[in-house]
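Protein chains in written order, with the working numbering: chain W, 7 to 323; chain P, 1179 to 1715; chain C, -6 to 294. Where a beta carbon is used, it is the ideal one built from N, C-alpha and C, also for glycine.
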Amino acid sequence: MKNYVAQRLGIAILTLLGMSIVIFVLLRLAPGDIVDILFSTGGYVNADERKAIMKELGIDKPLVTQYLEWLRNFMVGDLGKSYRYDQPAWDIIRPLIPVTVELAALSILVAVCLGVPTGVISAVRQDTGLDYVLRVFSLAGLSMPAFWLGMVIILGLVSWLQWIPPVTYVGPRENFWLHAVQFGLPALAVGYRSSALIMRITRSALLEVMREDYIRTAWAKGQSERVVIWRHALKNAILPVVTVIGIEFAFLIGGLVVTENVFNLPGVARFLVQAILWRDYPIVQNLVMFIAVVVIFSNLFVDMLYGFLDPRVRYGS
Amino acid sequence: MRHAALVTTIAGLALGAVTALTLTPAIAQAPKSGGTLNVMLREDLAQGFATHETSTVATSTPSLPCFSNLVFFDQSKKNESMDSVVGELAEKWSWQDNYKNLVFFLRKDVKWHDGKPFTSKDVKYTFDMVREAPDAAAKLRINPRKDWYANVEHIEAPDPYTVVFRLKRPQPSLLLMLASGYSPVYAAHVPAASYRTGCVGTGPFKVKEWRKGEFVEYVKNPDFFVKGRPYLDGLKYIVIVERGTRTAALQSGQLDVAFPGETGRTSMEQLKKAVPTMVFQPVAQNVSDNIIMNTKKPPFDNPKVRLAVSYAIDRRGLIQAAHQGGAVLGAAMAPKPYGFWGMLEKDLLALPGYGKADEMKDQARKLLREAGITPQNPLKVEVGVRAIAIYLDMASFVVNELKQVGIEGTLKQVETAQWHPMATRGEYQMGANLTGLGTDDPDANFYENYACGSPRNYSQYCSEEMMKAFERQSQELDIKKRVAMVIDIQKRLEQDAPRPILAQRLDYFAHWSHVKGLVAHNNVYNFPRFTDVWRDK
Amino acid sequence: MAASPATVELPATTRAALARPGALTVLGRFVRKKPLGAAGGFIMLVITVTAVFANLAETHDPIATDAAQTLGAPSAAHWLGSDHLGRDVYSRIVHGARVSLIVGLASSVLGSFFGGIIGLLSGYAGGKTDLITQRVLDIFQGLPLLVLAMVMSAALGASIENVVIAISVPIIPRAARVIRSSVLSIREMQYVEAARAVGVRHLRIAFRHILPNTMGPFIVLMTAQLGSAILVEATLSFLGLGVPEPYPSWGRMLSVSAAEYAQKAPHLVIFPGLAISLAVFGSNLLGDALRDTLDPRLRGA
């Protein structure tokens, strides 16, 4: 087991390294850089002033040098300075992280609370009217663009209630209910979309398991349906569900980007969009790496959980 | 008998009520101290509070409460003009030597937000830096308004409370440029670059916190040089990037004040329906929609083709389509009654494109034929446009109009980062553009946008004749004569058509009724400083 | 002379039993067994036909502005209303279908194709090549789809070709992974071993024997990615990074202007959103049903 973990960790670090190169290169392929954006706020362009600013920001150095510097600093925890705000990137990013983490966690909670029960019901009542209704409902959530759902919610609220959730961050200690609504509503929107996959997996995993002999035996023995489902089937269906939750997390980020924008939550995703538009490379690079680290480690965690839960894997390859 | 008593009582009560009601507003008008206001921000500050290094409202507007100018436009007057210029840091000023020297007598009781005293040194420092004087103490990283002060020869600070601007030639307009929201006074004892992250000013509010991407929070400046001001305890500029969410926040009361220039006609109608007590102040923005054409390359080096483009675009149609009626006809300077130097309606109607649509389009086709462009030999043009809704809407309409006279335009979306380099280098044929004037002044407009060699003269238009005309009006001291000259210049600019003006934008500046003392100006750049604004609830 | 097996005459009944079912029969069976999938297929068919015949289906020129008709509610002249520039919403949705479908199809086909080839070769080769390829793919897969698409779109600039590239790149690793796992299981099958024993060259085995058997998962993959691609395109357009003017795009129809006029003209927000949802819904239904039919093994994936 220890070897397995060490091996996976090593691979994870190599992967992250590769990602850092990819994102570094991609960003610099983009036409226009921070200096162009700065000049656009001034409404004109001047070649000499441009050179001076590039020197000041350190982007006149060769790309390889810039990359190695970034990497070296990253190792010691120095994430560099934001081009736009001229302040340490970490200081700017740090307060954003808890917001996005909270939103992501709540969304997954909603997704699981919505997806698992509907998946179970759908599997147990397979091919009945209820099954179809649930599957359509779940798929509808997956099909709606996240930003549209958010827009419709906000516009609906303001049209009918003359009220929208707070547009500035409200901490849970300041006003718990306001905070709950501020995060709950977007979590519902994002979670509803993610619940579709979880529902689908729960349903199919349960269906497979229900076909197994030992389930049929329990049935034949006369045990009540509920006992059979909950005690035997669900326990074994948990595995793929847990795997999917890990995959969903990465998929979640996309939904978070637009949702944070529409609900005006001060999170990582909203900031990332602005940083991309402003070609604020230090911020974009670090935020993307941060997201990548979270995704990779959550996958690793899920894999290990999988290994722990399923003895077959533990002692397998 | 009983009825009479009843009637009298009722009449008496009614009279009392009426009297109370008529008197109450007068009593309620006395400003109350305290409270904070939430103000709308469309995007985060573009370079912090470094107003001298940008030319966008994204920086200058949210910085207004922090700064003071030498002189400023009277915040309580909607129309800006030489007559509405009042002193802020300057108590008095006086033109000497036939408008060649401008002397300011400064206030003696002003402190910077960090406690240091304000003196004439700060003024000299600021404007030497902006005009890039050879012996300037500091340098700006980006300097869009250097040309505003091209005529300044020397700035003197003979004593701590006196500043003298010595000019090369008479220029009454200098005062108007100094009164713009774009001309605050920086502190000499902090680096200019520090304004990109914070703000040491002399204004009514101090920066409490700038949470990047989220909000800017101000608190009352207890040492503000106007005693008893500001009334408010604080301000919070809240960043909301999403259009729908922004409007919803204003509608639901989470924002008290809209952003200048943000409230179009349809938004106004929607808000009014939802909140009947919302206050709207229709003003001109002093921002115009226009078309820039590259006058150095074919086909737009041919003035006939440029004129044809101007004729082809139905101005009224544009106002309806792109603005839902929330704009007005106007030439290079804001039209009356919004601007001081604008042309009258009857003169505007004689300009190309302002008449009846069909006749104008016929004229356009005729001009194009003369230039060799016919339906058999059409003109294909790329119309560059930034990926922002207001530009796209204007450009979509224009392309449609041009199609009807035989010019086949295709929209070419250009990213913001690319736009100015492209425009400045002349790597375009035609572009949809917006031009804002930081102050309603002909010098600011002509020298920035139409003068030979100006970096913001994107059309690269250069006419010796016009340059002389600019110079003449700039030195003209008789106001009536000068207005006539400026109107004449506007006519000629529309005839030469390097940058046909399509419309002058209006704003239905919105705020809740409990916000008092806030007067919108016919210029988005010069309000609100919030000095005299108070909260009624 | 011995009779060769190929010339034996089979009785009619056997022939009938062995005959491949006709296309219509297959379709009919599909509709009956998987009504949801059939519904999805029908939706996609309608959208595809509309997209292909957009010029016939439109009632107005989608980019023609009309100053007199701004923000009109749905009416006889404008079936789904008109936008703030007076453009007909219905015609724009019809042409938007073309854009969404082209971008969606192109990205999912391109991404699935290249991913499939990579997955096929990587899975078949095995060993070090496989390991390294997988790690490289991990790098791209670790970056969330939308983020990668955003950065690529910003990097490449706004054009319809670049948007297709930007959306297809994140699909490649996902496609490679699916095809690879399919290849891994086929590779161990007896007939492949047999072919190798006889001496058939590797490449030939890969393309001639293994590839056709991955068709099922490949089709399923493509339809699944189609819905995702359409959503990403809409989101990119909404953020201003997608298909540029003048192509009408459902996502862009929902950005700034729609939100600004939403209370006066809700149809500006409702119809494009419904169009996107319907297209993704249809492709997901179809994809699900195809998956159930073509490759039961993937039902749990």
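Inset, instruction - Measuring alpha carbon to alpha carbon, tell me which of P:Ala1426, P:Glu1269, P:Thr1455 ends up nearest Leu167 (chain W). - result: When the alpha-carbon of Leu167 (chain W) is set against those of P:Ala1426, P:Glu1269, P:Thr1455, the nearest one is in P:Ala1426.
Legend entry - Beta-carbon proximity of Pro172 (chain W) to Ile269 (chain C), cut-off 8 Å: Result no, Cβ atoms of Pro172 (chain W) and Ile269 (chain C) do not sit closer than 8 Å.
Inset, instruction - Measuring alpha carbon to alpha carbon, tell me which of P:Pro1556, P:Gly1517, P:Ala1500, P:Tyr1489 ends up nearest Leu1527 (chain P). - result: Per the Cα distances, P:Tyr1489.
Inset, instruction - Rounded to whole angstroms, what's the CA-CA distance from Leu1529 (chain P) to Asp1674 (chain P)? Just pull it up for me. - result: Rounded to the nearest angstrom, the two C-alpha atoms are 11 Å apart.
Legend entry - Within chain C, partners of Tyr89 (chain W) - CB distance below 8 Å: Within chain C, not a single residue places a beta-carbon under 8 Å from that of Tyr89 (chain W); the smallest gap is close to 15 Å.
Legend entry - CB contact check: Leu97 (chain C) to chain W, cutoff 8 Å: Reading off the sequence, residue 97 (chain C) comes out as Gly, not Leu. Not one chain W Cβ lies under 8 Å of Gly97 (chain C).
Inset, instruction - Check each candidate in P:Ala1622, P:Glu1626, P:Asn1627, P:Glu1586 and name the one with the smallest Cα separation from Ser1607 (chain P). - result: Checking the sequence, you will find Gln at residue 1607 (chain P) rather than Ser. Residue P:Glu1586 holds the alpha-carbon nearest to the alpha-carbon of Gln1607 (chain P) among P:Ala1622, P:Glu1626, P:Asn1627, P:Glu1586.
Inset, instruction - Return no unless some Cβ of chain C is closer than 8 Å to the Cβ of Ile99 (chain W). - result: Between Ile99 (chain W) and chain C, the shortest Cβ-Cβ separation is not below 8 Å.
Legend entry - Inter-stretch contact (C-beta, 8 Å, three-pair minimum) for the segment 1464 to 1471 of chain P and the segment 1237 to 1246 of chain P: Contact between the segment 1464 to 1471 of chain P and the segment 1237 to 1246 of chain P is absent, because fewer than three Cβ pairs lie under 8 Å.
Inset, instruction - Tell me, please, whether the CB atom of Glu1310 (chain P) is closer than 8 Å to any CB atom in chain B? - result: The chain inventory of the structure shown lacks chain B, comprising the protein chains W, P and C.
Legend entry - Neighbourhood of Leu3 (chain C) by C-beta, 7 Å cutoff - its chain only, sequence neighbours within 5 removed: Around Leu3 (chain C): no qualifying Cβ.
Legend entry - Alpha-carbon spacing of Val1702 (chain P) relative to Glu1447 (chain P), whole angstroms: Our two residues, Val1702 (chain P) and Glu1447 (chain P), have alpha carbons roughly 21 Å apart in a direct line.
Legend entry - Exposure label - Phe46 (chain C); buried when at least 16 CB within 10 Å: Exposed, because fewer than 16 other Cβ atoms sit within 10 Å of the Cβ of Phe46 (chain C).
Inset, instruction - Indicate whether at least one CB of chain C lies closer than 8 Å to the CB of Phe153 (chain W). - result: Phe153 (chain W) counts as touching chain C.
Inset, instruction - Could you have a look at Arg209 (chain W) and say whether DSSP puts it in helix, strand or coil? - result: Residue state, collapsed to three classes: helix.
Inset, instruction - Spell out a yes or no on whether the segment 217 to 226 of chain C and the segment 98 to 113 of chain C are touching, meaning 3 or more CB-CB pairs, one atom from each, closer than 8 Å. - result: Flag = yes, the segment 217 to 226 of chain C and the segment 98 to 113 of chain C touch.
Legend entry - Backbone secondary structure at His260 (chain C) - three-state DSSP: In the structure shown, His260 (chain C) sits in a helix (DSSP, three-state: H, G or I).
Inset, instruction - May I ask you to check if the CB of Gly1609 (chain P) is nearer than 7 Å to at least one heavy atom of the ligand SAM? - result: With respect to the ligand SAM, the structure offers nothing, as it holds no ligand at all.
Inset, instruction - Tell me, to the nearest whole angstrom, how far the beta carbon of Trp1271 (chain P) is from that of Val1249 (chain P); I am working on the premise that it is less than 8 Å. - result: Going by Cβ atoms, the distance from Trp1271 (chain P) to Val1249 (chain P) rounds to 7 Å, so yes, they are a contact pair.
Legend entry - Stretch-stretch touch, CB-based, cutoff 8 Å, three pairs: the segment 1442 to 1458 of chain P with the segment 1493 to 1500 of chain P: Contact fails between the segment 1442 to 1458 of chain P and the segment 1493 to 1500 of chain P, because fewer than three Cβ pairs, one in each stretch, are under 8 Å apart.
Legend entry - Below-8 Å beta-carbon distance, Leu203 (chain W) vs any chain C residue: It does not: the Cβ of Leu203 (chain W) has no partner Cβ on chain C nearer than 8 Å.
Legend entry - Whole-angstrom distance between Ala50 (chain C) and Ala95 (chain W), CA atom to CA atom: The alpha-carbon atoms of Ala95 (chain W) and Ala50 (chain C) are separated by roughly 52 Å.
Legend entry - Residues within the segment 155 to 168 of chain C neighbouring chain W, beta-carbon criterion of under 7 Å: Result list empty, no residue passes.
Legend entry - Chain-ordered chain W contacts of Leu232 (chain C) [CB-CB under 7 Å]: The contacting residues are Val279.
Inset, instruction - Mind reading off the beta-carbon distance from Gly1410 (chain P) to Phe1687 (chain P)? Whole number of angstroms is fine, and I expect it under 8 Å. - result: The sequence given here has Leu at residue 1410 (chain P), not Gly. About 18 Å separates the beta carbons of Leu1410 (chain P) and Phe1687 (chain P), which is beyond the 8 Å limit, so they are not a contact pair.
Legend entry - Classification of Lys1386 (chain P) by the beta-carbon crowding that lies within 10 angstroms, buried from 16 upward: Residue burial annotation: Lys1386 (chain P) is exposed, with fewer than 16 other C-beta atoms found within 10 angstroms of its C-beta.
Legend entry - With 16 other Cβ atoms within 10 Å as the buried cut-off, status of Arg320 (chain W): Summary for Arg320 (chain W): the model assigns pLDDT 49, below 50, so the residue's position carries little reliability, and this model does not support an answer.
Legend entry - Whole-Å CB distance - Leu22 (chain W) paired with Met310 (chain W), under 8 Å assumed: That belief does not hold up - the Cβ atoms of Leu22 (chain W) and Met310 (chain W) are roughly 18 Å apart, past 8 Å.
Legend entry - Option in C:Ile165, C:Pro14, C:Lys27, C:Ala57 with minimal Cα separation from Asn238 (chain C): For the record, residue 238 (chain C) in the displayed sequence is Glu; it is not Asn. It is C:Ala57.
Legend entry - Closer than 7 Å at the beta carbon, the chain P residues around Gly49 (chain W): Neighbours of Gly49 (chain W) on chain P, chain order: Ser1233, Pro1322, His1598, Arg1634.
Inset, instruction - Look up Ile1679 (chain P) in the DSSP assignment and say whether it is helix, strand or coil. - result: DSSP places Ile1679 (chain P) in strand when its eight states are reduced to three.
Legend entry - Within-8 Å CB hit, Ala111 (chain C) to chain P: Residue 111 (chain C) is actually Ile in this sequence, not Ala. Taking Cβ atoms only, chain P never reaches closer than 8 Å to Ile111 (chain C), which makes this a no.
Inset, instruction - Report the three-state DSSP secondary structure of Asp1525 (chain P) (helix, strand or coil). - result: In the structure shown, Asp1525 (chain P) falls within a helical segment according to DSSP collapsed to helix, strand and coil.
Legend entry - Met157 (chain W) at chain P interface by Cβ criterion, 8 Å: Interface residue, yes.
Inset, instruction - Helix, strand or coil for Phe1478 (chain P), going by three-state DSSP, please let me know. - result: Residue state, collapsed to three classes: coil.
Legend entry - Under 8 Å between C-beta atoms of Val1217 (chain P) and Asp1571 (chain P): No, the Cβ-Cβ distance between Val1217 (chain P) and Asp1571 (chain P) is not below 8 Å.
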